[in-house]
Amino acid sequence: MGLSTHVLDTMHGCPAAGMAVALYSTQGEQATLIKRLVLNHDGRTDAPLFDNASLRTGTYRLTFDVAAYFKAKGVVLPEPNFLGSVSLDFGIAHADEHYHVPLLVSPWSYSTYRGS
Numbered sequence: 005m006g007l008s009t010h011v012l013d014t015m016h017g018c019p020a021a022g023m024a025v026a027l028y029s030t031q032g033e034q035a036t037l038i039k040r041l042v043l044n045h046d047g048r049t050d051a052p053l054f055d056n057a058s059l060r061t062g063t064y065r066l067t068f069d070v071a072a073y074f075k076a077k078g079v080v081l082p083e084p085n086f087l088g089s090v091s092l093d094f095g096i097a098h099a100d101e102h103y104h105v106p107l108l109v110s111p112w113s114y115s116t117y118r119g120s
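Residue numbers (our numbering): 5 to 120.
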């Protein structure tokens, strides 16, 4: 299945439908945009970020537009926001394995792990 992501809104107890996400490849501090997308009704992408054939070893970054998502849900956030965006840097060591990068998020906290 390659690379996938899933975001759950822990404030409202639901998938983060409509959240904007960007995927980058990274080399040190340099990041190159690969794609931008919006999560579907289940808080997932409609297709894998990379399928099995296109996944490569290397380092990557997923950036989630947390503040815009919660503002669109009607949450009143302080200015500046505590979390504007969340960026997760991670590595792909084995291109023949599935990598799932989930995010559990509220306006004030987040958690991630390597999922299955």
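Every residue gets a Cβ at the ideal spot worked out from N, C-alpha and C, and that includes glycine.
Neighbourhood of residue i by C-beta, 6 Å cutoff - its chain only, sequence neighbours within 5 removed
i, result
"S110", "T14 and M15"
"N56", "G6"
"N85", "A71"
"K39", "L27"
"H102", "M5"
Residues near residue i by beta carbon distance below 8 Å, same chain, minus five either side
i, result
"A97", "T61"
"V105", "L7, S8, T9, L66, L92, F94, T116, R118 and G119"
"L12", "C18, P19, A20, G47, P106, L107, L108 and V109"
"S89", "T67, F68, D69, V70 and A71"
"K75", "L81"
"T36", "Y28, S29 and T30"
Whether residue i touches residue j by CB criterion (8 Å)
i, j, result
"G22", "L43", "yes"
"R3", "S91", "This structure leaves residue 3 out entirely; the chain is present only between 5 and 120."
"L87", "Y114", "yes"
"L53", "A99", "no"
Which listed residue (the options) has its alpha carbon closest to that of residue i
i, options, result
"L41", "T30, A24 and S29", "A24"
"V79", "Y103, T49 and W112", "W112"
Counterpart residues of residue i in DSSP-defined beta bridges
i, result
"V109", "D13 and Y114"
"I38", "Answer is none; I38 lacks a bridge partner."
"P19", "L12"
"V25", "L41 and F68"
"Y103", "L7"
"F63", "At residue 63 the sequence reads Thr, which differs from the Phe that was named. Partner(s): T30 and G95."
"L119", "A small correction: the amino acid at residue 119 is Gly; Leu does not occupy that position in the sequence shown. H104."
Contacts around residue i, its chain only, beta-carbon distance under 7 Å, and the 5 residues preceding and following it disregarded
i, result
"T30", "T63, Y64, R65 and D93"
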